[in-house]
Every structure is written in C-alpha cells, then in structure tokens.
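> The structure that follows is given in the form of structure tokens.
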Amino acid sequence: MHCITLDRETPFDLGKTLSCGQVFRWKEKGGAWSGVIEDQVVVTRQDGSKLYWRGATEEEIVRYFSLDTDLPAILGAIDRDPVIHHAINRSEGLRIIRQPHWECLASYIIATFTNIPSIKRRIGLLCGAFGEEISRGDEPWHSFPGAESIAKGRDRLPGICRLGYRAPYLLDTADRVAADPTWAERVASCPYDEARAMLMKYKGVGRKVADCVLLFGFGRLCAVPVDVWIERILRNYYLEKEGGPVSYEYLRHFAQDYFGEYAGYAQEYLFSIREELGSGKNFPRTGQC
DNA sequence: GTCCAGGTGGCCG
DNA sequence: CGGCCACATGGA
1 MHCITLDRET PFDLGKTLSC GQVFRWKEKG GAWSGVIEDQ VVVTRQDGSK
51 LYWRGATEEE IVRYFSLDTD LPAILGAIDR DPVIHHAINR SEGLRIIRQP
101 HWECLASYII ATFTNIPSIK RRIGLLCGAF GEEISRGDEP WHSFPGAESI
151 AKGRDRLPGI CRLGYRAPYL LDTADRVAAD PTWAERVASC PYDEARAMLM
201 KYKGVGRKVA DCVLLFGFGR LCAVPVDVWI ERILRNYYLE KEGGPVSYEY
251 LRHFAQDYFG EYAGYAQEYL FSIREELGSG KNFPRTGQC
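In terms of our numbering, the first sequence has 253 at position 253, counting the first letter as 1, and numbering is strictly consecutive.
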C-alpha cells in the first residue's frame with residue numbers, strides 16, 4: 001500500500017472527485033474506492049491529508065488525479081460571486097481528473113441524453129463484454145475496451161450494452177479512431193476551437209460532448225460543457241432574464257468570459273451541487289449574462 | 001400512463 | 001446560421 005501526505009497547498013477530496021460525475025467506473029465500499037487507471041486495478045482511500053492506494057505508481061496517481069495542479073490558484077481565480085463561492089465551499093478539493101483519451105471520448109458518447117446511473121450501467125456492460133480481464137483479488141475488473149475491440153464486437157454491441165441509438169455512433173467513432181492511432185495527439189496539439197471542431201466530426205460528438213472530452217480527457221480547463229443542469233443554473237443565477245431562447249454557444253462563451261481560463265473548473269463545481277442550485281434560487285441573481 | 005436524464009443528427013426554411 | 005423533431009433506455 002502506497003501513501004502520500006497532501007500539504008496545505010494541495011487540497012484534495014477523493015470522494016468528491018470520483019463521485020461528481022466526471023468518471024463513471026469507480027466504486028466506493030467502506031470508504032475505499034476501486035477503479036481502473038490505464039489497465040490497472042487501483043484501490044484507494046483517503047484519511048484526512050493521507051492518500052493511500054495500491055495498483056499504480058505515485059507518478060500515475062498524481063497525474064490521474066491532477067494533484068500537480070495548483071487548485072487554490074484556480075479556485076481563487078473563479079471565485080467571483082456568492083453562487084460559485086458556495087459551490088467551492090461545498091466541494092473544495094474536487095479535482096478534474098485526467099482521463100485516458102479514448103475512454104473519455106467513448107464514455108461521453110454513451111453519456112448523451114440519459115442519466116448518470118444509466119451511463120454507469122452501460123459503460124460497465126461495455127467493459128465487461130469487450131474489456132480485458134484484469135481482476136485483482138476479490139473483485140472482477142475489466143479494462144476499458146480499446147476502439148479495436150469495440151469495432152470487432154460490432155454485432156454483439158447493440159444487444160449487450162443497451163446503448164440504444166448511440167450504438168451506431170460509438171461504432172462509427174471506434175472505427176475511425178482504430179484506423180487513426182494519432183487522433184489524440186493531433187487533438188491535443190490544436191488550439192481549443194480547432195480541437196473542438198476535430199472532435200465534433202465524430203458521430204455522436206456534438207458541442208457538449210466535445211467540451212466534455214476536452215475538459216476531462218485533454219485537460220483543457222477553459223472548456224465548459226453546457227448540459228441541462230448547467231443551463232438551468234446559468235438561467236437561475238446568471239442570466240438577465242430567466243426565460244427566452246439562449247443558444248449553447250452563448251452560454252458557453254458567457255461562462256468562459258465570466259470565469260476566465262479555468263471556467264471548466266467553475267462548471268464542474270457548479271455541476272457538483274446541481275440539485276441544490278437547479279431546483280430554486282437560493283442566491284440573488286448576479287445578472288451578468 | 002407521463003416526465004426526465006451530462007444531446008446529437010438530419011432536415012428544413 | 002437557427003428551429004424543429006426523432007431517437008433507445010430506464011427510473012421516478
């Protein structure tokens with residue numbers, strides 16, 4: 001069992017980071033979280049400033065959980081009003097994970113127009129059917145299947161994974177990714193707008209999914225996915241007028257201008273308390289939008 | 001039965 | 001460009 005001690009400049013909340021809806025495979029049992037990082041089963045637990053784990057190197061843990069990111073500086077930069085301030089207080093220590101590129105892209109294609117429990121179930125079925133067996137000890141685990149494995153299992157995919165109309169999207173994207181091993185480095189090397197346009201050429205990847213993949217898979221902390229919850233929160237607290245038609249791009253640009261270069265973090269902190277913020281107006285409207 | 005969920009693709013003006 | 005609408009699935 002490895003252990004590191006987190007200092008004052010490295011706030012981290014393992015549970016909030018893994019349960020806020022950015023990743024879909026981790027499971028908590030008795031305070032211990034089990035999951036998969038790059039084909040390795042990892043079990044980890046936090047006790048105050050101590051972070052314990054097994055199944056990965058310290059370097060891999062630091063990278064995956066973004067422990068090398070200056071979170072206090074980011075939170076200081078986005079802390080601009082009572083609403084986001086409250087979200088920061090509620091979820092301090094939440095970090096945006098660095099997900100593997102393909103896992104992130106495939107997961108967010110599966111994550112469209114559904115709810116988080118269903119997403120977890122479908123991704124679990126996908127991994128069980130097409131991932132490689134990497135069990136360690138008691139719990140059976142599978143790696144996240146590569147694009148080739150999914151493409152090869154195209155006939156079984158619809159029946160097994162309950163993806164509905166998303167199955168052909170995932171298969172089409174899996175084909176193209178499998179045939180293009182450098183797709184991720186090209187996305188990574190482009191500026192935000194270009195990278196986003198590249199991602200949106202894949203089937204099942206629109207504006208929102210592209211922003212999720214850039215934020216959670218490519219570390220583009222300026223990316224702001226606007227889902228129904230974020231739209232609701234922006235309408236409740238940030239728009240001049242609550243009603244009326246507002247486009248995705250308008251809301252995204254507002255959030256990026258208003259919160260700045262780490263707007264993606266603001267998005268995730270607001271998302272993490274979506275039920276509390278989305279169901280009413282618990283704060284005065286800032287009316288900046 | 002109805003409504004909702006980390007939306008997208010296709011079509012139409 | 002923007003406005004519609006169908007699209008599978010499962011839980012409340």
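Ideal Cβ placement from N, Cα and C applies to all residues, glycine included.
Specify, as a first and last residue, the run of the beta strand (DSSP E) that D35 falls within.
Here residue 35 corresponds to residue number 35 of the first sequence, with the count starting at 1. Checking the sequence shown, residue 35 turns out to be Gly, not Asp. Per DSSP, G35 belongs to the beta strand (DSSP E) from 32 to 37.
> Roughly how many angstroms lie between the CA atoms of S149 and G131, to the nearest whole one?
Residue mapping note: residue 149 aligns to position 149 of the first sequence, counting from 1. Residue mapping note: residue 131 aligns to position 131 of the first sequence, counting from 1. Rounded to whole angstroms, S149 and G131 show a C-alpha spacing of 8 Å.
> In terms of residue numbering, what span does the alpha helix (DSSP H) encompassing W183 cover?
For the purposes of this step, residue 183 is taken as the residue at position 183 of the first sequence. W183 -> alpha helix (DSSP H) spans 183 to 189.
> Are the beta-carbon atoms of L251 and L234 separated by less than 8 Å?
Numbered from 1 along the first sequence, position 251 holds the residue referred to as residue 251. Numbered from 1 along the first sequence, position 234 holds the residue referred to as residue 234. Cβ atoms of L251 and L234: closer than 8 Å.
> Cβ atoms of W102 and A147: under 8 Å apart, would you say?
On the first sequence, residue 147 is found 147 positions in, with the first residue counted as 1. On the first sequence, residue 102 is found 102 positions in, with the first residue counted as 1. In this structure, W102 lies closer than 8 Å to A147 by Cβ.
> Name the two residues that bound the continuous beta strand (DSSP E) containing E28.
The sequence position of residue 28 within the first sequence is 28, counting from 1. Counting along the chain, the beta strand (DSSP E) containing E28 begins and ends at 27 to 29.
> So C3 is in the alpha helix (DSSP H); what residue range does that whole segment cover?
Locating residue 3 in the first sequence gives position 3, counting from the first residue. Run containing C3: none in the alpha helix (DSSP H); it sits in the beta strand (DSSP E), 2 to 5.
> Span of the alpha helix (DSSP H) holding R274?
Within the first sequence, the letter at position 274 stands for residue 274. Note, R274: alpha helix (DSSP H), 274 to 278.
> Run the CB neighbour count on K208, radius 10 Å, all protein chains shown included, and call it buried at 16 or more, exposed below.
On the first sequence, position 208 is the one that residue 208 refers to. So K208 ends up on the buried side.
> Less than 8 Å between the beta carbons of I230 and R90, yes or no?
Along the first sequence, one-based indexing puts residue 230 at 230. Along the first sequence, one-based indexing puts residue 90 at 90. It is not a contact, given that the beta carbons lie outside the stated cut-off.
> Whose CA, out of G159, H142, I97, D257, lies closest to the CA of V224?
The residue labelled residue 224 in the question sits at position 224 within the first sequence. Selection G159, H142, I97, D257 evaluated against V224 yields D257 as nearest (Cα-Cα).
> Under DSSP, the beta strand (DSSP E) around W102 begins and ends at which residues?
Here residue 102 refers to the residue found at position 102 when the first sequence is read from its first residue. It is not in any beta strand (DSSP E) - W102 instead sits in the alpha helix (DSSP H) that spans 101 to 110.
> Could I get the ranges of all uninterrupted alpha helix (DSSP H) runs contained in the segment 70 to 148, with 4 residues as the minimum, in chain order?
71 to 78, 82 to 91, 101 to 110, 116 to 130
> Could you tell me whether the Cβ atoms of L199 and I109 are closer together than 8 Å?
One-based indexing of the first sequence puts residue 199 at position 199. One-based indexing of the first sequence puts residue 109 at position 109. No, the pair does not count as a contact, with Cβ atoms beyond the cut-off.
> Check for me: the alpha helix (DSSP H) holding K203 runs from which residue to which?
Locating residue 203 in the first sequence gives position 203, where the first residue counts as 1. Segment: none, K203 is in no alpha helix (DSSP H) and carries neither H nor E.
> Exposed or buried, what is G35 when buried is set at 16 or more other beta-carbons lying within 10 Å of its beta-carbon?
As a first step, residue 35 is located in the first sequence; it is residue number 35 there, counting from the start. Counting Cβ neighbours within 10 Å, G35 comes out buried, since at least 16 surround it.
> When you compare only the Cα positions, how much space is there between S247 and S135?
Translated into the one-based positions of the first sequence, residue 247 becomes position 247. Translated into the one-based positions of the first sequence, residue 135 becomes position 135. S247 and S135: Cα-Cα distance of roughly 45 Å.
> Thinking C-beta only, is G204 closer than 8 Å to R156?
Counting from 1 along the first sequence, the entry for residue 156 is found at position 156. Counting from 1 along the first sequence, the entry for residue 204 is found at position 204. No.
> What residue does the beta strand (DSSP E) around K208 start on, and which one ends it?
The sequence position of residue 208 within the first sequence is 208, counting from 1. Not the beta strand (DSSP E): K208 falls in the alpha helix (DSSP H), residues 207 to 217.
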